[in-house]
Structure formats: structure tokens, C-alpha cells
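The structure under discussion appears below in the form of C-alpha cells.
2 protein chains.
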Amino acid sequence: MTPSPNLEAEGATASLPDLFQRYRPGIAQAMRDELAQDNVGLYDMLRYYMGWVDEQGRPRPAMEGKGLRPTLCLFACEAVGGAAELALPAAVALEFIHNFSLIHDDIQDLDETRHGRKTLWAVWGMPKALVAGNALRIVADQVLHKLVAGGLEHKRALVAVGLLTEAYLEMIEGQYLDLSFEGRHDIGMDDYLEMISRKTGALIRCSLALGAVIGADDPITATAFRDCGAALGYVFQIRDDILGVWGDEETTGKPVGADIRRKKNSYPVVFAMERSKGQDSETLNRIYQTEQVDEPDVASVLEIMERVDVRGHAHESAAAYADVALESLRSVEMSPQARGEIEGLTRFLLVRAR
Amino acid sequence: MTPSPNLEAEGATASLPDLFQRYRPGIAQAMRDELAQDNVGLYDMLRYYMGWVDEQGRPRPAMEGKGLRPTLCLFACEAVGGAAELALPAAVALEFIHNFSLIHDDIQDLDETRHGRKTLWAVWGMPKALVAGNALRIVADQVLHKLVAGGLEHKRALVAVGLLTEAYLEMIEGQYLDLSFEGRHDIGMDDYLEMISRKTGALIRCSLALGAVIGADDPITATAFRDCGAALGYVFQIRDDILGVWGDEETTGKPVGADIRRKKNSYPVVFAMERSKGQDSETLNRIYQTEQVDEPDVASVLEIMERVDVRGHAHESAAAYADVALESLRSVEMSPQARGEIEGLTRFLLVRAR
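Chains as they are written, first to last, in our numbering: chain A, 1 to 354; chain B, 1001 to 1354.
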């Protein structure tokens, strides 16, 4: 039995929706403005990490990420009738916090490369990289403060600050849960879902909620966007986990199984552990208890995953969350264009190949 | 020539001013309330770091730090006519941020003990310790948010949030400068003073400024307290640097020279490098370029420091900053009791033995 290939046939060719292109120039410029300081060398490190300069501080062709979080934030602001401009400080803060968490993740996992470039600690050593991550985190706070200068009243600015603080703490708690799952073989699907709802979901949820709060003074609408974001968080992470096992094959033709080699407690393995029985269950337990997973082990795990159709189930689960995401916004008044855009973005998250 | 012993004769017996005792119970209780969460294991790590529980989470006789920053904050609030209660969230936030920075410092320096107890990373590993530090940092932000619930108007609460954010970024920049000084022998006194004004001074300055902003709506008064705090930051750090070289001898009778062995770019060595000439200068340069400083080296450095009277000059410099600190508050109206208290606190910082 092969995994359901047609279910995600769009995956390999899914291109970034236009929505991302619309906001990109504004976000990119605002981020550069915020990291333009030259008084302390650590800003060179941050500009390097953002992909704007090389290790010597010389400009290089910029690498642009998707910018999912800032895009969601600006979209929500516009969708509820606000000017995207007004939410720009929040959008930049979200992207910086996301990158801060990656800088510290690289240290925790001792990863020496990300997106084909050396990580901060691999270039400048752990102490400076740790400090640079902390700096980016606090620059995010400073940027968020500009909401007031942009015209948002104090009370709503404080709500925005509170939302980001709350989401950020939840993200950190999720990172802790993820670390505490390492080496355990008894992680159930509920544990896993709770972990990703914090680690990944909190900031995505906050992106839409922040945009809605800044764009309109209506708590019910903000809650709807928040619920939408919570569901999108699952869509994003489950798709990420699918790509973590089968993604390389789709985009580069490389052998599959990256996350299996790393023994990551991601959706596929948690699902396989729960669903497999008898011999398969014993095999999984044996492999996840060994120090080093070898290639025959990876092949065994992939076979077991096929037998319980992990990939099909994962996609169905993500698709169900995608429905919840769009349903959450059903009662919110928005233009047909805006509704089409969030539908397109949701579909993209479900089938994206990178 | 011996170092001027009488200059700081009070040092060994300087006891904590009553001011610290007055606020301690309130601060201690508020800190415990904020870290009472039990949903995620990382709060056990934080309670351990604060000295309230052991590695297994069992209560232990609490270790109480001085609580300098929260004490300064509550003092300033009361001195300008506010209720100390109102500034309690800011006081707790300051102490948490201070401890957050220590948790990450321990990781950066690979220090396995602090105050005679194992550091977080030494017990739980680096990844979890890094995350726990980040969590404490964000709990601080959440606590600060309670200023609004406590009755502070939104605008002033935002000013408070902005002050803490600014101070925090400066502290991080100072940590970066400190790291970038490592291994260099060309650090002048100006570089050193700029570094400590950020690394140590920013948060101490912010402690007094926050208290003043919360206690009274008067920018001129807030600026005076800010200036006082900036000067106190120098007093605190220069005294810390004196203790880093000669402190053990005073309190425990152990051999002096701890910071010399660690080749720390602190006040005594920066001063000695600038002032020593000829043979002494060459000796210092040779020693600070060797991989490992041995005991005869430590003795040589101490002798050179005596010849240029480093200790006397350091104390005089700190004493001058202490004068500036008190002078900054000259124009601020406050009760004779309050003025006596800040004078006592300043004197304590100048001669403290721990």
C-alpha cells in the first residue's frame, strides 16, 4: 500500500499566493530600518542572520523567507478594515521573534547550518549568538512600541503588547515541552498536539489576532481571527512534519526520512507509535531506543508508516484543521477578495512543498 | 606600598541597610506568586534558580539575594509620594530580568555553580536552561503588565514598558561589548566605563526611573532618579570589580585574585594596563596573552596593581560616582527620612563586602 499520492498532488508545484508578494516590500524595508544600528557589532550578526549581509558585513543578495507571520498580521488588519500600514510594527515584531527563536533553536540543537548558511553560533560562538538572539527579541518589543507613534490609542497598544507577551510565553513553554519529550517513547497524539499548539501555534494565532486588534476595535472579530490562527498553526506544523519525513524527496529527490534519523517526536512517528501493532510496534520501540538510527532502520520505519498510512492520515488531519480555520472566520464580515485570499493561503499551507 | 586599607575599613562589616528589609517580604511573596504555575516543568527550574526549592522541587530554606533593583524601584516610588504597592509589579519584573540574565550568563561562561549551588544548565542541560531563561524574561514582561490592573493609567504603563525595554536592550548590548572585549588588551578606561554603564548600569538606572515614573507623573523628577541610578550603576560595578580581585580575602580569607585568574577585563586590570609603565606594562601584557594564568602571574599582577594603587583609585572613582548619585537628587523634594535612606544605600554600595 502506497501513501495517498493524489491527496497532495499540488504540493510539489504549490506557489506562494500573491498575498505574500503584496506585503513583502513593506515588511522587508521596515525590518531593515529597525536593524540599521551601527553602534554595536551585534547588529551585524543580526543582519547576517536575516540574510542581508555576509559574515564580513558585506551586502549580499537577500534571501527572503515566506514571512508567514507578518503576512497573516497585515492581512487580518486589512481584512477587518484597517490600513495595513498601521499593523506594520506588529508584523515586524512577529518576524523578529520568529527569528529570535530560530537563533536560540540553532544553539540548543547545535545545528551548524540553516537554509544552507552557517548559523550564528557556528560563526561567532555560542555566547555572542545567545546574546544576539536576546537582542533581536528585545528589538521586537521596541518595534511593537511604535504602534503608539503610528496612531494606535494607548489602551489598544497595551492589548497588543499583552497579546504578544502571552503568545511568546506559550511558545517558550512549547519549546520546553518539545525538549522534555526528547528520548521518550510514550508521547501520545494529545501530548503532541498540545506541544505544537504552543510551540508553533501560539505565534501564528497571535499574528492574526494582533492584526485584527490593530485593524478594528472589536473583541468578537479578534477572537474569530485568533481561532482561525490556532487552527492554521496545526495545519502549518503538521505539513511541516510531513515535509520533515517525505519533503526532501519532493523538492530535491534526496532520500526521505530526515526526521526519522533525528528521532524527532513529530506527527508521523507519534501517529505510527499509536497505531502500529504487534511486530511493527516492537520494531518502532526498538529503533527509537537505539542510540543511532541507521539506514535499514529508516527503511523499516518508513514501511511501518506506510502500513498505517501515516501520510494520508496526517494530511487528512491537517485538512480538517484547515476547514476549522476557514469556518472560524465565517461570521466575520469581509470582502470577497479578502475571503478568497485567506482561503488561498490556507490551501497553500496545506500543500506547500517548502 | 600597601593598598589604602582604611579607605574602605567599613567594608568587612557593612550590613544591609534597613531599607532592604522593609521591602523584602512583599517582594519575596510577589515573586513566588508569579512563579507558582505548575502546568509546565520549567517553572520548577525557575523556582530552583530563585533558591526556593531543590533539584527535586522540594522546598528548601530560601536564599535571599540583596534584591537591589526591586528595592531601588520601590524606594523611588515611595520617595516621590507614591505607594510602594503600586510599583511592586515593576520591582518583581526587574528582579526576574536580573535573574534571567544570570541564567544566560551561566550558560555563556559555562559556570557550573553560582552562590554555591549548581547552575540551571549544569543540572538540566543547556537547551532547557536557555529556554528557562527566556521564560523568566517573558514572565517579567507579564508581571509588568499588572501595573495597569494595579491602577496605573495606560499611558504611564506604556512609558514604564518602554523604559524597561530600553534598559533591557542596553543591558544586552553591554553583554555583547563585554564578550567582544574578551582576549583584547587594548581596552581603555572609556571603553570599560561605557560597557559597564550598559551591562550593569542600564537596569539599575531603570530601577530608580521606573519607581519614580510610577510614583509620580513628573518627567523632571524621573530624570533626576534616572541620573542617580546611572551613577549608582558605576558605584555598584566598580565595587563589584574590587571584590572580584580582593573580595575573597575580606570575607573568607581565601587567596585574592579570582578575576585575575579569569583574565576578566574589569576595572582593576584596565586601570593597571593604562597606568603601568616600562617593565610592569610588559609583564601585564605578557601575562594577559598567556593561555593560562598561574599563581606567580597572579602575584605579579597584584604587585603591579599595588604599585599604581589600583584599589585606592578604584575606590575613589566609585566614591566620586556616589557623590554624583546623591547630587542628582538634590533638587528633588523628598522627606529627610527618604534622603537619609538613599544616602545610606549609596554608602552601602560603596563599601559592601558582598
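Just so it is clear, CB atoms sit at the ideal spot from N, CA and C, and this is done for glycine as well.
The model shown is predicted, which means the values in this text are computed figures rather than measured ones.
CB contact flag (residue i, residue j, <7 Å)
i	j	result
tyrosine 321 of chain A	alanine 209 of chain A	no
alanine 216 of chain A	glycine 81 of chain A	yes
proline 1070 of chain B	isoleucine 1027 of chain B	yes
alanine 160 of chain A	isoleucine 238 of chain A	no
leucine 1035 of chain B	tyrosine 1043 of chain B	yes
isoleucine 1342 of chain B	valine 1301 of chain B	no
glycine 133 of chain A	phenylalanine 100 of chain A	yes
proline 268 of chain A	methionine 305 of chain A	yes
glycine 174 of chain A	arginine 198 of chain A	yes
leucine 1284 of chain B	alanine 1318 of chain B	no
lysine 1376 of chain B	leucine 179 of chain A	No information on residue 1376 of chain B is available, as it lies outside the stretch 1001 to 1354 that chain B covers here.
alanine 1212 of chain B	alanine 1222 of chain B	yes
phenylalanine 1348 of chain B	proline 1017 of chain B	yes
leucine 130 of chain A	histidine 1098 of chain B	no
alanine 1087 of chain B	isoleucine 1214 of chain B	yes
isoleucine 1204 of chain B	glycine 1233 of chain B	yes
leucine 1177 of chain B	cysteine 1206 of chain B	no
alanine 1353 of chain B	alanine 1014 of chain B	yes
tyrosine 1049 of chain B	leucine 1110 of chain B	no
leucine 152 of chain A	histidine 1154 of chain B	no
alanine 1030 of chain B	methionine 1334 of chain B	no
serine 1266 of chain B	aspartate 1227 of chain B	no
valine 1332 of chain B	alanine 1224 of chain B	yes
leucine 1243 of chain B	leucine 1019 of chain B	no
Residue interval of the alpha helix (DSSP H) (run including residue i)
i	result
serine 335 of chain A	Element bounds for serine 335 of chain A: n/a, residue is neither H nor E.
aspartate 1038 of chain B	Unbroken run through aspartate 1038 of chain B: none, as it is neither H nor E.
leucine 16 of chain A	Leucine 16 of chain A -> no alpha helix (DSSP H), and no H or E assigned at all.
lysine 1128 of chain B	1126–1144
alanine 1079 of chain B	1068–1079
glutamine 1289 of chain B	1278–1289
alanine 1353 of chain B	Careful: alanine 1353 of chain B lies outside any alpha helix (DSSP H) and carries neither H nor E.
glutamate 295 of chain A	295–307
leucine 164 of chain A	154–181
methionine 63 of chain A	No alpha helix (DSSP H) contains methionine 63 of chain A, which DSSP labels as neither H nor E.
aspartate 1259 of chain B	1258–1261
histidine 1313 of chain B	1310–1328
histidine 1273 of chain B	The question names histidine, but residue 1273 of chain B is methionine in the sequence shown. It spans 1267–1275 - the alpha helix (DSSP H) in which methionine 1273 of chain B sits, taken as one unbroken run.
Beta bridge counterpart(s) of residue i as assigned by DSSP
i	result
threonine 113 of chain A	A:Lys118
valine 1053 of chain B	B:Pro1059
Any non-hydrogen atom of the ligand NAP within 6 Å of residue i CB
i	result
glycine 41 of chain A	With respect to the ligand NAP, the structure offers nothing, as it holds no ligand at all.
Would the stretch 1178–1187 of chain B count as touching the stretch 1040–1059 of chain B if we require 3 or more Cβ pairs under 8 Å?
no
Please go through the stretch 1187–1227 of chain B and give each complete alpha helix (DSSP H) segment of 4 or more residues, from N-terminal end onward.
1189–1199, 1201–1215
Report yes or no: do three or more beta-carbon pairs, one from the stretch 1068–1075 of chain B and one from the stretch 1135–1151 of chain B, lie closer than 8 Å?
no
Stretch-stretch touch, CB-based, cutoff 8 Å, three pairs: the stretch 193–210 of chain A with the stretch 133–141 of chain A:
no
Any chance the stretch 1306–1322 of chain B sits against the stretch 1269–1276 of chain B, with 3 or more Cβ pairs inside 8 Å?
yes
Is the stretch 328–340 of chain A close to the stretch 294–302 of chain A, with three or more CB pairs under 8 Å?
no
Does the stretch 123–138 of chain A touch the stretch 1167–1179 of chain B, meaning 3 or more C-beta pairs lie closer than 8 Å?
yes
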